[in-house]
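Asker: A single structure is presented below for examination.
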Amino acid sequence: MGVSRLMDLLADSREVIRNDGLLLLQQLTKGNAAIQKIVAFENAFERLLDIITEEGSSDGGIVVEDCLLLLVNLLKNNSSNQNFFKEGSYIQKMKPWFEVGNDNSGWSAQKVTNLHLMLQLVRVMVSPVNSPGATASCQKCMYQCGLLQQLCTILMATGVPADILTETINTVSEVIRGSQVNQDYFASVNAPSNPPRPAIVVLLMSMVNERQPFVLRCAVLYCFQCFLYKNQKGQGEIVATLLPSTIDANSISAGQLLCGGLFSADSHSNWCAAVALAHALQDNLTQKEQLLRVQLATSLGKPPVSLLQQCTNILSQGSKVQTRVGLLMLLCTWISNCPIAVTHFLHNQDNVPFLTAQISENLGEDERLVQGLCALLLGICIYYNDNSLENYTKEKLKQLIEKRIGKENFVEKLGFITKHELYSRAALKPQPVFPSPEQMLFDHEFTRLVKELEGLITKAVHKSSEEEKKEEEVKKTLEQHDNIVTQYKELIREQDAQIQELKEKVVSMTTQTEQLQATVSQQQSQIQQHKDQYNILKLKLGKENQSQSNNQGDTQVNGLQTEELSQLREQLEELRTQQTLLQTQLSEKDAVIDSL
């Protein structure tokens, strides 16, 4: 009952007692799930939200901050409390916190702190580490109650402090991540500029602008990644802004900004744009193929080059490590699982010699990561190769590795990626967070791709041509087996349909047979009745013949009886004929039923 008594302190009329109660509960709930649950079920959410409102929400003082810190303690990494918070409709009560006016000048340090914690609280509810179902449910609720719309208003407002703007971008990112409805809404948001521009375009302008704070640029990248996460429609819209048929010369598009960032002199812009573009291709074969159509004008009088070729051209010019890492991650994402893109890449005669030269050299510590990524790119060219280019078939590329690099050396260089100290940090969570701009090297989604491909490429490189042939044969055999199984399935389906049809026929004929049997029984009974009548009349006729009466009237009667008798005989004969016919029909039906 101790916690229950402490909760009563929050309702104490003496502020000093209430405030100390808040501080004590903060300490008690840190990292203790059991106490967190008890406090939550003692109606803590209701009381804390009431205190925040009474104290003036974001404009309130230190007490609001204490309430928010306690709420964060109660909800962070505690799924049952998060569910209780959502089910209690407390998410809806957070919406008024984010209603900021047009005049955003002169925010106090306390207001900045309060709003920061309020945003943190929203993020706790939709964090990517929560279960997908719980996150999706909270995201839906935040859209329906207008909280997402309110956050987008802050995003586009003027005069908002930079750190609040950064945290708002991060919060919007997680509210839309993987939620199609929220992503569609975000795509429709326009900045209040003249002419109005999509919010995505305005944010990307900040990302590729080297004068913007580094953390803000990282937040925009995260927002863009979350907008494209599991959003094939959004990916298509971004890639479409780069295609020749959809380019609008009068307006700035997302695609133009990404291309500008990709080829600018600022290495941070290069990296961010490359990673952002890679996310537009993530798990989307259609867009990987579409992006191959993009042509870039390099300089006057020279023919345009493809985007794919321009990326490899910049790689070969030996730019900064950060730029090359970004471009290599883009190329690996682009051509993985896309044989057409692999063919396009190999079609340029300079690409494979450049990669083999990079991998085989003994370079310094800084260059090891670039070597590892070059090995990954070459490995993808082998693994996803459809053998359509005679000079660069799987087998010829493997022979090239063996002669120029050596298989063991190649696999060792490939292993440089996962051994890099910054790789494991990026693999932990989707948000790109870097202690310093120089450490911005790995993207979270790319670490997943490396994990998936490293083993497959190692096996592919070590396989002999005989093993490859065997595998191909096994694959073909399996495909043939699959075809045979499919054919049998079709045959079984057809036979099932036939059996069903025959069953229905059997049922129909059985009913008809039963009806015929009933008719036969009825007619047999009629025949029996006629037989009885016939016998009675026969007896009567016999008696009358014995009484030798010559009476004319009697003769007339006998004449009538004889006539009646002959009619009965005819009826009897007719009924016998009908019975024979019905018996024949019945036998035929029985034969059909037996055959079915």
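Using the numbering used here, read the sequence shown as starting at 1 and increasing by one per residue. For every residue, glycine included, the Cβ atom is placed at its ideal position computed from N, Cα and C.
Can you say whether F224 is buried or exposed, counting buried as having 16 or more other CB atoms within 10 angstroms of its CB?
Answerer: Its Cβ being crowded by 16 or more others within 10 Å, F224 is buried.
Asker: Could you give the C-beta distance for L119 and T171, rounded to a whole number, given that I count them as a contact under 8 Å?
Answerer: Indeed they touch by this definition, with Cβ atoms about 5 Å apart.
Asker: Pair every Cβ in the stretch 358-377 with every Cβ in the stretch 303-314, then say whether three or more of these pairs are closer than 8 Å.
Answerer: The stretch 358-377 vs the stretch 303-314: no contact.
Asker: What residues are listed by DSSP as bridge partners for P599?
Answerer: Here the chain has residues from 1 to 596 only, and residue 599 is not among them.
Asker: By the DSSP assignment, the alpha helix (DSSP H) with D366 in it spans what residues?
Answerer: First-last for D366: undefined, no H or E at that position.
Asker: Can you tell me whether DSSP reads L10 as helix, strand or coil?
Answerer: Note: L10 maps to helix in three-state DSSP.
Asker: Could you check whether V305 and L296 sit closer than 8 Å to each other, using their CB atoms as the reference points?
Answerer: Going by C-beta atoms, L296 is nearer than 8 Å to V305.
Asker: When we look at the beta-carbon of V485 and count the other beta-carbons within 10 Å, is it buried (16 or more) or exposed?
Answerer: Flag for V485 reads exposed.
Asker: Would you report the Cα separation of T555 and L541, rounded to the nearest angstrom?
Answerer: With a pLDDT of only 46 at T555, under 50, the local geometry of the prediction cannot be trusted, and no value is derived from it.
Asker: I want to know whether the stretch 582-595 touches the stretch 505-521 - three or more CB-CB distances under 8 Å.
Answerer: Short answer: they touch.
Asker: May I ask which residues mark the beginning and end of the alpha helix (DSSP H) holding E454?
Answerer: E454 -> alpha helix (DSSP H) spans H444 to H462.
Asker: Report the three-state DSSP secondary structure of Q526 (helix, strand or coil).
Answerer: In the structure shown, Q526 sits in a helix (DSSP, three-state: H, G or I).
Asker: Where does V124 sit, in a helix, a strand or coil, going by DSSP?
Answerer: In the structure shown, V124 sits in a helix (DSSP, three-state: H, G or I).
Asker: Determine, using beta carbons only, whether I62 and Q110 come nearer to each other than 8 Å.
Answerer: It is a contact, given that the beta carbons lie within the stated cut-off.
Asker: Could you tell me the distance, in whole angstroms, from the CA atom of N19 to the CA atom of G364?
Answerer: One C-alpha to the other measures close to 58 Å.
Asker: Between the beta-carbon of A273 and the beta-carbon of V321, is there less than 8 Å?
Answerer: No.
Asker: With distances taken from CA atoms, which of L115, L216, E494 and K76 is nearest S610?
Answerer: The first residue shown for the chain is 1 and the last is 596, placing residue 610 beyond what the model contains.
Asker: With respect to the alpha helix (DSSP H) encompassing E87, which residues constitute its N-terminal and C-terminal limits?
Answerer: Looking at the DSSP string, the run of the alpha helix (DSSP H) that includes E87 is S79 to E87.
Asker: Quick check on DSSP: helix, strand or coil for V3?
Answerer: V3: helix per DSSP, three-state reduction.
Asker: Does DSSP put Q349 in a helix, in a strand, or in coil?
Answerer: In this structure, Q349 counts as coil in the three-state DSSP scheme.
Asker: Which word fits M142, buried or exposed, when buried means at least 16 other C-beta atoms lie within 10 angstroms of its C-beta?
Answerer: M142 comes out buried.
Asker: Checking 8 Å against the spacing of the C-beta atoms, do Y384 and V450 come in under that value?
Answerer: Cβ atoms of Y384 and V450: not closer than 8 Å.
Asker: In this structure, does DSSP put L296 in helix, strand or coil?
Answerer: It is a strand residue.
Asker: My output table needs one value for V433: the three-state DSSP class, helix, strand or coil.
Answerer: V433: coil per DSSP, three-state reduction.
Asker: What does a CB cutoff of less than 7 Å around L243 pick up in its chain, not counting 5 residues either side in sequence?
Answerer: Result list for L243: Q290, R293 and V294, in chain order.
Asker: How close, in whole Å, do the beta carbons of L74 and N83 come, if the pair is a contact with beta carbons under 8 Å?
Answerer: Rounded, the Cβ-Cβ distance is 12 Å, inconsistent with contact.
Asker: Below 8 Å between beta carbons: does that hold for L414 and T458?
Answerer: Their beta carbons are under 8 Å apart, which means L414 touches T458 by this criterion.
Asker: Report the rounded CA-to-CA distance for E46 versus L28, giving the unit in angstroms.
Answerer: E46 and L28: Cα-Cα distance of roughly 19 Å.
Asker: Thinking C-alpha only, which one of P192, G56, L581 and H530 is nearest V520?
Answerer: The option with the nearest alpha carbon to V520 is L581.
Asker: Quick test of the definition: if touching needs 3 or more C-beta pairs under 8 Å, does the stretch 413-433 touch the stretch 250-263?
Answerer: No contact exists between the stretch 413-433 and the stretch 250-263.
Asker: Which residue spans inside the stretch 134-169 form an unbroken alpha helix (DSSP H) run of at least 4?
Answerer: Whole alpha helix (DSSP H) segments, 4+ residues: 147-156.
Asker: Per DSSP, which residues does V305 bridge with? Please list them.
Answerer: Paired residue(s): L296.
Asker: Does the stretch 147-158 come close enough to the stretch 396-405 to have 3 or more Cβ pairs within less than 8 Å?
Answerer: With a cut-off of 8 Å, the stretch 396-405 and the stretch 147-158 do not count as touching, because too few Cβ pairs lie within range.
Asker: Can the beta-carbon of D443 be found closer than 8 Å to that of A427?
Answerer: Their beta carbons are not under 8 Å apart, which means D443 does not touch A427 by this criterion.
Asker: When DSSP labels each residue in this structure, what does T393 get in the three-state scheme?
Answerer: In the structure shown, T393 sits in coil (DSSP, three-state: anything other than H, G, I, E or B).
Asker: Look at the Cβ atom of D565, then the Cβ atom of L539, and state whether they are nearer than 8 Å.
Answerer: The amino acid at residue 565 is misidentified as Asp; the sequence shows Leu. No; because the gap between Cβ atoms is not below 8 Å, this pair is not in contact.
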